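Going by this note's numbering, the sequence shown opens with residue 96, and the numbers climb by one from there.
All residues carry an ideal CB built from backbone N, CA and C; glycine is no exception.
This one's a predicted model, so the numbers in the text were calculated from it and none came from an experiment.
Worksheet: the structure to be examined is printed underneath.
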Amino acid sequence: MSKDLEAVVSGARIDHLGIAVESIAQSRGFYEALGLRVTHEETVEHEGVRVAMIPLGESRVELLEPLSPETVVGRFLSKRGAGMHHVALHVDDIAAAWAELQARGVVLVSPAIQTGAGGHLYFFVHPKSTGGVLLEICQDPE
Ligand code: ZN
96 MSKDLEAVVS
106 GARIDHLGIA
116 VESIAQSRGF
126 YEALGLRVTH
136 EETVEHEGVR
146 VAMIPLGESR
156 VELLEPLSPE
166 TVVGRFLSKR
176 GAGMHHVALH
186 VDDIAAAWAE
196 LQARGVVLVS
206 PAIQTGAGGH
216 LYFFVHPKST
226 GGVLLEICQD
236 PE
C-alpha cells in the first residue's frame, strides 16, 4: 500500500448505512422494537431529504425520507423501492481522500465536498467505481 493510500484510509470505518424509506415515522418503529433509538433528525434541504440517525455500535443507520418525488432519494424510491441506498465510509482527512480518489480517476458524484446532517463533511463516489454501491466518504464536523 502506498503512503498516500495509507493516509486516505486512516480512521476508516463504516460510518453509517443509508436506507431509503417512504416514511421515517413508519420505518423507525422497527429499529425501536430492537431497542435502538433515533438520536438525531434533520432536514437537509440541498439533498431534498429528511434524515434520521440511529446509532448502532460505532456505526449508525441513516433513514432517508425524500422531501418530494423529484429528489434523488425520491427518484430512487420510485425506481427501486425502499431499501439500501448507500454505504458511508468515515475517514480522518476527507480533503486527502477527495484529492487521492480524483487523482486515481475514480468517478465522484458530488461536485465538491459538502456539509450534511449534523455538520459532517461528505461526498459521494459513483457506483461504477465501487462495484455497484453508492459510496459516501465522510468526516466528522471540525
Ligand atoms: Zn449518508
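- Secondary structure note for Ile119: its alpha helix (DSSP H) is the uninterrupted segment Ile119 to Ala128.
- Exposure of Arg108 is indicated by the presence of fewer than 16 other C-beta atoms within 10 angstroms of its C-beta.
- The alpha-carbon of Tyr126 is positioned some 31 Å away from that of Ser224.
- The C-beta of Arg199 has fewer than 16 other C-beta atoms within 10 Å across all chains shown, which makes the residue exposed.
- Between Glu153 and Val116, the C-beta gap is not smaller than 8 Å, which leaves the two residues out of contact.
- The set of residues whose C-beta lies within less than 5 Å of a heavy atom of the ligand ZN reads, in chain order, Gly113, Glu157, Ala183 and Glu231.
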